[in-house]
Amino acid sequence: AQSVTQPDIHITVSEGASLELRCNYSYGATPYLFWYVQSPGQGLQLLLKYFSGDTLVQGIKGFEAEFKRSQSSFNLRKPSVHWSDAAEYFCAVGADFGNEKLTFGTGTRLTIIP
Amino acid sequence: EAGVTQSPTHLIKTRGQQATLRCSPISGHTSVYWYQQALGLGLQFLLWYDEGEERNRGNFPPRFSGRQFPNYSSELNVNALELEDSALYLCASSIVQGDTQYFGPGTRLTVL
Chain A
1 AQSVTQPDIH
11 ITVSEGASLE
21 LRCNYSYGAT
31 PYLFWYVQSP
41 GQGLQLLLKY
51 FSGDTLVQGI
61 KGFEAEFKRS
71 QSSFNLRKPS
81 VHWSDAAEYF
91 CAVGADFGNE
101 KLTFGTGTRL
111 TIIP
Chain B
1001 EAGVTQSPTH
1011 LIKTRGQQAT
1021 LRCSPISGHT
1031 SVYWYQQALG
1041 LGLQFLLWYD
1051 EGEERNRGNF
1061 PPRFSGRQFP
1071 NYSSELNVNA
1081 LELEDSALYL
1091 CASSIVQGDT
1101 QYFGPGTRLT
1111 VL
């Protein structure tokens, strides 16, 4: 069964600073990987996804993530955060075709300070 | 293009009652997924419907059930409500099975 670990429960970053949110997954085959963002009381918005191909993927709002098979990681990065980036971020892994469900990490809450 | 919509936004019930939550997928999407986001338990997969059939379900008791209608909208029913069913219930849809899931805003269910 697949699983996702987000080791950082809460991260605080200064506005304008760079950001990296960690995500490690466990899955037997090539995974489908996703990052979603959730503002308080809201649903999930897709930031980016990796299915195959180029291991560095670009997403919305200036985010990018890199798939590293050797480290079973899919870390999310942003070179310069904005106050509006404060939210909860979820990494998720999808299984093979025919067993569709997403397994989510526990999330990382991002706080931005001036 | 409209996104995934869910109704109601909030739902308050008492223990033992039944709750019905509704979801309309993005136009053209045929797969609908339900997830529960409970405090302290994270996001957990509940159910997946595709072309009107239940294709997969998560580790939830049978009192969690649902259906998908011919127009691909979906309903989640929770019978014999328990306090621990209080959660945000999220619906997602994808254009075909296995493709990217897009989420709605959720229904906040509170069981008193």
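Note that the protein sequences, when read in sequence, are chains A and B. The working numbering puts the first residue of the first sequence at 1, with every later residue one more than the last. The working numbering puts the first residue of the second sequence at 1001, with every later residue one more than the last. Note that beta-carbon positions come from the ideal geometry of N, C-alpha and C, so glycine has one too.
Please decide whether residue i counts as near chain A, where near means a Cβ-Cβ distance under 8 Å.
i, result
"B/ASN1079", "no"
"B/ASN1059", "no"
"B/PHE1114", "The structure shown does not extend to residue 1114 of chain B, since chain B spans only 1001 to 1112, so no value can be given for it."
"B/PRO1008", "no"
"B/TYR1072", "no"
"B/LEU1112", "no"
Nearest-angstrom Cα distance between residue i and residue j?
i, j, result
"B/TYR1003", "A/GLN38", "Before going on, a small fix: residue 1003 of chain B reads as Gly here, not Tyr. Their Cα atoms are separated by approximately 15 Å."
"A/SER26", "B/ARG1022", "33 Å"
"A/ILE60", "A/TRP35", "11 Å"
"A/PHE90", "B/TRP1048", "20 Å"
"B/GLU1084", "B/GLU1054", "24 Å"
"B/TYR1072", "B/PRO1025", "7 Å"
Please work out which residues of its chain come closer than 8 Å, Cβ to Cβ, to residue i, disregarding the five sequence neighbours upstream and downstream, and give them in chain order.
i, result
"A/TYR32", "LYS49, TYR50, PHE51, VAL93, GLY94 and ALA95"
Between residue i and the rest of its own chain, which residues show a CB-CB distance below 7 Å, the 5 nearest in sequence each way excluded?
i, result
"B/PHE1060", "LEU1046"
"B/ASP1050", "THR1030, SER1031 and GLN1097"
Under 8 Å between C-beta atoms, does residue i make it to chain B?
i, result
"A/LYS78", "no"
"A/GLU88", "no"
"A/PHE104", "yes"
"A/LEU46", "yes"
For residue i, which residues of its own chain have a beta-carbon under 6 Å away from its beta-carbon, when the five flanking residues on both sides are left out?
i, result
"B/HIS1010", "ARG1108"
"B/ALA1038", "ALA1087"
"A/GLU64", "GLN58 and ARG77"
"A/SER73", "ASN24"
"B/THR1110", "ILE1012 and SER1086"
Self-check item: Segments assigned beta strand (DSSP E), at least 3 residues, entirely inside the stretch 1033-1095 of chain B
Solution: Annotation note: the stretch 1033-1095 of chain B contains the following uninterrupted beta strand (DSSP E) runs of length 3 or greater, listed N- to C-terminal: 1042-1050, 1053-1057, 1064-1068, 1074-1078 and 1087-1094.
Practice problem: Run through the stretch 10-96 of chain A for me and flag every whole beta strand (DSSP E) of 3 or more residues, listed as ranges in chain order. | Solution: Runs of the beta strand (DSSP E) inside the stretch 10-96 of chain A: 10-14, 19-21, 24-26, 32-38, 44-50, 56-58, 64-68, 73-78 and 87-94.
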